[in-house]
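Participant: Residue 46 in the numbering used here sits at position 34 of the sequence shown; the count goes up by one each step and never skips.
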Amino acid sequence: MGLMRRGSGKPTVRQVYALAAALCERAGEEFPKTWEGASELIERLRVENGHPQPKLEDVPFRPRAKRGWGRGGGDEGRASSAAAELAREMR
13 MGLMRRGSGK PTVRQVYALA AALCERAGEE FPKTWEGASE LIERLRVENG HPQPKLEDVP
73 FRPRAKRGWG RGGGDEGRAS SAAAELAREM R
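1. Use the C-beta contact count for V28: other C-beta atoms within 10 angstroms, 16 or more gives buried, fewer gives exposed.
2. Is the Cβ-Cβ distance between A34 and A94 less than 9 Å?
3. What span of residues does the alpha helix (DSSP H) with R38 cover, start to end?
4. Looking at C-alpha atoms only, which residue of R100, A96 and A50 is the closest neighbour of P23?
5. Whose C-alpha, out of S92, R76, K78 and L57, is nearest the C-alpha of E101?
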């Protein structure tokens, strides 16, 4: 089954999950089944990788600006943020 080309836009939620699952498999980690499990795995990997940033829970929450309907918000916007964070953490 081939992949549909969607242009040069941001990755979809599905793509981010597939990437995360492939990276977990490569690292010998089980893909987390819960939000808590994902948070714990991310934090452990950050510490193991010597990540220079503080723990995610120590960073003040900064709400994002609201976007209008149909302008790339929704799940795909969150997916690209998650993908960027995952890429930074895996370095």
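Backbone N, C-alpha and C define an ideal beta-carbon position, used for all residues, glycine too.
Facilitator: Straight from the coordinates:
1. As a working note, residue 28 is residue 16 in the sequence shown. By the Cβ-count criterion, V28 is buried, with 16 or more other Cβ atoms from all chains shown falling within 10 Å of its own Cβ.
2. In the sequence shown, the residue the question calls residue 34 occupies position 22. In the sequence shown, the residue the question calls residue 94 occupies position 82. Contact: no.
3. On the sequence shown, position 26 is the one that residue 38 refers to. Looking at the DSSP string, the run of the alpha helix (DSSP H) that includes R38 is V25 to A39.
4. Within the sequence shown, residue 23 is the residue found at index 11, counting from 1. Answer by Cα proximity: A96.
5. The residue labelled residue 101 in the question sits at position 89 within the sequence shown. Comparing alpha carbon positions, the residue from S92, R76, K78 and L57 closest to E101 is L57.
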